[in-house]
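Trainee: The structure under discussion is supplied below as structure tokens; questions concerning it will follow.
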Amino acid sequence: MDSDSRGSERRRPRGIRRAPLEPGALKDLKDAIYRLYVDAGRPTLDLIAADVTGLADELDLPGAPGRDTINRIIGDARLPPGREDTVATAVVLAHAAGRGDTATIAGHIGALWTRAAGTPADSRFGRPIRQCDPLALEVHPAIQIDRSLPSLPPYVERRHDHELAKVVNEASLGKSRIAMLVGASSTGKTRACWEAIQRLPAQWRVWHPFDPTRPDAADQQLAQVPGQTVIWFNEAQHYLLTPDPRLGERVAARLRTLLRDPARGPVLILGTIWPNYWDALTGPPPASDLDLHAQARELLAGADIAVPDVWAPDEVRQLSAASDERLRDAVENAEAGRITQYLAGVPELMQRYRNAPPSVRAVLTAAIDARRLGHPLLLPHELLARAAPSYLADVEWNQLADDWWHEALAYTAKPCHGIAGPLIRIRPRPNERSATSPTCYRLADYLQQRGASERASIFPPAGFWDAVATSVSDPVTLRNFGDQAERRGRYRRAAVLYQLAVQYGDNEARWTLAALRERAGDQCGAAALRQGGTTAAADEAGELSASAELRERAGDLPGAIGLYQQAAERGDAQSWDKLVSLLEQTADAEGALAAALQAADRGQTSALKVLAITRDRLGDLAGSEQVARLAADRGDATIFSTLGATRERLGDLSSARDLYQRGAGHGDAYALWCLSQLLRRTGLRDEAERLQQAIDSGTPSALMTLAALREQMGDWSAARQLYQRAADRGSVAALLSLAALHERDGDLAAAEKRYQQAIEQGDVTGLWSLAGLRHQSGDLVAAIDMYRRAADHGITAALISLAELAEEQGDRVQATNWALLATDQGDSDGLAMLIRLRHRAGDHAGAARMERFGLEDDGSPAAHLE
């Protein structure tokens, strides 16, 4: 951006506006940056971003901000998200203004940023820990036997508290950390977090984002969170597993950025989450699907601390001599060591549900079905009022009093022993929601979890689905309900809900409904749906990408580049990777880097990895490493281990070691492992042993990640060792992985032993796997018993296995019952099994109707989609 070549372009009157700010450290920082921007002639964002890329080495820039980040650094009223990016922007502006003291300016801006980041937080970012109320942070109060007792009984530490204490202590020493407590409802997760933060110094604050909604509050304000803040993510699924996955991913990305930026720390992210939500966020994505939770998976890797449902015997013994009567009462009366659940009033809660009058039970059951099938946390009054009557038999309905609805709500809201009722009204404060907002209710967590488990195999009555169609207007929620109906084979119900979602503007529902109509034979209806709405952009992107591939194969690389660029800009993620690769191959290095950075700013960091690998293959080793650093700065450090392995294969062990070290320095556990192996092979055993100790001291999640990588590479011995280390540290998933390796090797006895160990530690998936082994060995009695036990724990694959066994034994009626149970629990294999059974019974017409139109509510073949 020299003054001769771009002076006239820079002197345009247009530019970024100065953000209005109150006097203080943040205003000092923003004023200093804005003065540099004005002195530089108010350059465009594109020019600044181009100089950040082009002058990175010459000016030794510490960061590589993209266009949007630069805009925020100069013109936004918030604290810029990273010190390095802020300094890099200031240095580029100073250089453009002809300043020769860029090093001094870098130090000055860096100091201003640090001072602004350390400014005491305002009330938006919580309160000092000592001023916080644990109940306001959603810690469950304990049952009340005597009004003189405090809301929380004395705390008794358990094993997970020691793991959590290590994380909190590291934060108090100045290191940003994250811990996620994973456990079922009412197991003491939130109370454990509350007790843990009491270890922090008094100046620390607790920030619990929830207004206007939890994920929106986090998304909008995380960039401004100051150091010495506990970020309180109770029920973390509300922040990370959002109906629109892009919002949850933005929150996860902001958290990763915050954790990696020492200038903004220390911060402590504490969260709680149920196991099923944890699995949804951290499990591997299907190979054929878009990875909707990549940022969350990286954020949560190694952050889990398991909170068991049941107290260990030695932990229970500590309570026997407690001064608080409630703790002693829990020892005597809690079921099978479920101390925390007892203290949270769970037994009373479940008793009130099971013994409730029919009208109350109908309301609660409608609420349970609404939550388990896709409705968000707050349940509207209209939905429950319309759905509840369908859960009552005719005789029950006719016997109801005129004011049955109000009586039912009064029953569900009534506290018991100081615990909130099973269904409570959520009363918004005047400044939180508009006067036209509907009245909403919240179902107790434990009742939701237990009720969902107990009703998993029950398809809700027709009135429930009619109520959803007439009461819900949010398109994403309608689509979620439609998906649940489709997964249960009720295509007609799904079609109604998808159609409503389309009418409310949901484009994804349009495509899903088109596929349903096509399956039903309605080609015209499917075509009309695909041609309407806003599908043109996605359609066009796919066509452009396909055309680009044809041009590329024909050797027309400039034409292919242009088409890939258009496809990428219209949302085709893979086109970014192809565009970057072609630009680099055609010697347009600047264009390739600019495109890769543009893709990364949109969340597509794979383009940087593609560029790094392409440069490496073309022999541009320095350029490859520069791009790898840019990828790591944006949260993806895995490229270092890939490049390191390439250098190692070529015999360049020094470069390989350097690359592995860089990856390890960015937190890549696999790069650390590769480094230790390289050191062993080159004779540096002492260093290798120290690194191995670091690996061995890693969390079970980190060890599992390393083991899975070794398994993918075919290194079965190393994978087995790593899985064993993870198992020794309490990972049940590692036991299952070891069992699978034993099965692969044909050692069924060893596999059965591992599955049994997993079952003993509470992992019911081991039941299904062990049943399969018994089935293979011919022990059908034991296999059926274990399949049934697995099915009782919600493993629908066990129901399919039972159906297959029943068919093998000639009992088609029982096979049909098992398959329908699987279907009603949302397993599409159940419907496929029902169709096969119809064919084998000679009912080809019924099978064809099931395949085209699915099932009626009662499980019989449907005759049409309308």
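For the sequence shown, the numbering used here gives the first residue as 151, with consecutive numbering after it.
Ideal Cβ positions, reconstructed from N, Cα and C, are used throughout, including at glycine.
1) Using a Cβ-Cβ cut-off of 6 Å (strictly less than) and excluding sequence neighbours within five positions of R988, which residues of its own chain qualify?
2) Applying the criterion that 16 or more other CB atoms from any shown protein chain within 10 Å of the CB defines a buried residue, is L700 buried or exposed?
3) If you follow the beta strand (DSSP E) that R592 is in, where does it begin and where does it stop?
4) Quick check on T515: does DSSP put it in helix, strand or coil?
5) I'd like the ranges of any beta strand (DSSP E) spanning at least 3 consecutive residues and lying wholly in the segment 589-673.
6) What does the alpha-carbon distance come out to for the pair A857 and G433?
7) With a threshold of 7 Å on Cβ separation, who are the neighbours of A402 within its own chain once the five nearest residues in sequence on each side are excluded?
8) On the criterion of 16 or more Cβ atoms from any shown chain inside 10 Å, does N548 qualify as buried, or is it exposed?
9) Starting from T203, trace the alpha helix (DSSP H) both ways and give me its first and last residue.
10) Does N426 pass the burial test, meaning 16 or more other C-beta atoms within 10 Å, or should it be called exposed?
11) With DSSP as the reference, identify every bridge partner of T422, one or two as the case may be.
12) Please return the same chain residues whose Cβ sits closer than 7 Å to the Cβ of T363, not counting the five positions on each side in sequence.
13) When the Cα of Y184 is compared with those of A227, V202, V356, which residue comes out closest?
14) Just the C-alpha distance for T946 and S509, rounded to the nearest angstrom, thanks.
15) Just to confirm the assignment, what range does the beta strand (DSSP E) spanning D454 have?
16) Starting from I711, trace the alpha helix (DSSP H) in both directions and tell me its first and last residue.
17) Let me check one thing: in DSSP terms, what residues is L573 bridge-paired to?
18) Measure the CB-CB distance between A889 and S919 and report whether it falls below 9 Å.
19) Judging by CA-CA distance, which residue of L418, V466, C824 is the nearest neighbour of K1017?
20) Compute the distance between the beta-carbons of G709 and A696, then report whether it is under 9 Å.
21) Are A560 and A594 closer than 9 Å when you measure CB to CB?
22) Excluding sequence positions up to five away, which residues of its chain have a Cβ less than 7 Å from the Cβ of R327?
23) Pull up the distance between the alpha-carbon of R167 and that of P416, whole angstroms please.
24) Check whether the segment 335-344 and the segment 590-608 touch, using three or more Cβ-Cβ pairs below 8 Å as the test.
25) Please list the terminal residues of the continuous beta strand (DSSP E) segment that includes V1017.
26) Would you say the segment 932-944 touches the segment 904-922, given that touching needs at least three Cβ pairs under 8 Å?
27) Quick one: measure Cβ to Cβ for R642 and L1015, integer angstroms, because I've assumed they're closer than 8 Å.
28) With 16 as the cutoff for other CB atoms within 10 Å, does P351 come out buried or exposed?
29) Could you say which of S805, G794, R831 lies nearest to A821 if we only look at CA atoms?
30) Can you give me the Cβ contacts of E668 inside the same chain, cut-off strictly under 7 Å, excluding the 5 residues immediately before and after it?
31) If contacts are defined as beta-carbon pairs under 8 Å, then A373 and I259 qualify, I think. What distance do you get, rounded to the angstrom?
32) Which of the three DSSP states is assigned to F275 in this structure?
33) Could you check if D235 is buried or exposed, using at least 16 other CB atoms within 10 Å of its CB as the buried criterion?
34) Which class does D154 belong to by DSSP, given the choice of helix, strand or coil?
35) In terms of DSSP beta bridges, what is W357 paired with?
36) With distances taken between CB atoms, is the gap from L768 to L747 smaller than 9 Å?
Mentor: In terms of the structure at hand:
1) Looking up residue 988 in the sequence shown gives position 838. Excluding residues within five positions, the ones whose Cβ falls inside 6 Å are G996, A997.
2) Position 550 of the sequence shown holds residue 700. Looking at its Cβ environment, which holds fewer than 16 other Cβ atoms inside 10 Å, L700 is exposed.
3) The residue given as residue 592 occupies position 442 in the sequence shown. Here the beta strand (DSSP E) through R592 covers 590-593.
4) Taking the sequence shown and counting its residues from 1, one reaches residue 515 at position 365. T515 falls in the helix class under three-state DSSP.
5) 590-593
6) As a working mapping, residue 857 is identified with position 707 in the sequence shown. As a working mapping, residue 433 is identified with position 283 in the sequence shown. Distance between the alpha carbons of A857 and G433: 15 Å.
7) Locating residue 402 in the sequence shown gives position 252, where the first residue counts as 1. So the list reads L390, Q445, A446, L449, once near-sequence residues are dropped.
8) Sequence index remark: in the sequence shown, residue 548 carries index 398 (1-based). Its Cβ having fewer than 16 others within 10 Å, N548 is exposed.
9) The sequence position of residue 203 within the sequence shown is 53, counting from 1. Element bounds for T203: 195-204.
10) For the purposes of this step, residue 426 is taken as residue 276 along the sequence shown, with counting starting at 1. With fewer than 16 Cβ atoms within 10 Å of its Cβ, N426 is classed as exposed.
11) By 1-based counting over the sequence shown, the position of residue 422 is 272. Per DSSP, L331.
12) Along the sequence shown, one-based indexing puts residue 363 at 213. Excluding residues within five positions, none has a Cβ falling inside 7 Å.
13) Looking up residue 184 in the sequence shown gives position 34. Ranking A227, V202, V356 by Cα distance to Y184 puts A227 first.
14) Here residue 946 is taken as the residue at index 796 of the sequence shown, counted from 1. Here residue 509 is taken as the residue at index 359 of the sequence shown, counted from 1. Near 31 Å, if we compare the C-alpha coordinates of S509 and T946.
15) Locating residue 454 in the sequence shown gives position 304, counting from the first residue. Segment 454-456, the beta strand (DSSP E) holding D454.
16) Within the sequence shown, the letter at position 561 stands for residue 711. Per DSSP, I711 belongs to the alpha helix (DSSP H) from 707-719.
17) If you number the sequence shown from 1, residue 573 lands on position 423. For L573, which the question treats as bridged, DSSP gives the partners L593.
18) Stepping through the sequence shown from its first residue, residue 889 is reached at position 739. Stepping through the sequence shown from its first residue, residue 919 is reached at position 769. Yes, they are a contact pair.
19) Past the edges of the chain, shown from 151 to 1016, lies residue 1017, and the structure says nothing about it.
20) Position 559 of the sequence shown holds residue 709. Position 546 of the sequence shown holds residue 696. Not a contact, by the Cβ cut-off of 9 Å.
21) Looking up residue 560 in the sequence shown gives position 410. Looking up residue 594 in the sequence shown gives position 444. Cβ atoms of A560 and A594: not closer than 9 Å.
22) As a first step, residue 327 is located in the sequence shown; it is residue number 177 there, counting from the start. Counting only Cβ-Cβ distances below 7 Å, and skipping sequence neighbours, we find V317, E320, A321, L418.
23) Reading the sequence shown from its first residue, position 17 is the one you call residue 167. Reading the sequence shown from its first residue, position 266 is the one you call residue 416. Between R167 and P416, the C-alpha separation is close to 32 Å.
24) yes
25) Since the first and last residues shown for the chain are 151 and 1016, residue 1017 lies out of range.
26) yes
27) In the sequence shown, the residue the question calls residue 642 occupies position 492. In the sequence shown, the residue the question calls residue 1015 occupies position 865. At roughly 6 Å, the Cβ-Cβ gap stays under 8 Å, so R642 and L1015 are in contact.
28) In the sequence shown, residue 351 corresponds to position 201, counting from 1. The residue in question, P351, is exposed, as its Cβ has fewer than 16 Cβ neighbours within 10 Å.
29) Against the sequence shown, residue 821 aligns to sequence position 671. Of S805, G794, R831, the residue nearest in Cα terms is G794.
30) In the sequence shown, the residue the question calls residue 668 occupies position 518. If we look at E668 and ignore the five residues flanking it on each side, its Cβ neighbours are A676.
31) Indexing the sequence shown from 1 puts residue 373 at position 223. Indexing the sequence shown from 1 puts residue 259 at position 109. No, A373 and I259 are not in contact; Cβ-Cβ is about 17 Å, not under 8 Å.
32) Counting from one through the sequence shown, the residue named residue 275 turns up at place 125. In the structure shown, F275 sits in a helix (DSSP, three-state: H, G or I).
33) As a first step, residue 235 must be located in the sequence shown, where it is residue number 85. Label assigned to D235: buried.
34) Locating residue 154 in the sequence shown gives position 4, where the first residue counts as 1. Since pLDDT at D154 reaches only 40, below the 50 mark, its modelled position is unreliable, and no value is offered.
35) As a first step, residue 357 must be located in the sequence shown, where it is residue number 207. Per DSSP, I381.
36) For the purposes of this step, residue 768 is taken as the residue at position 618 of the sequence shown. For the purposes of this step, residue 747 is taken as the residue at position 597 of the sequence shown. No, the pair does not count as a contact, with Cβ atoms beyond the cut-off.
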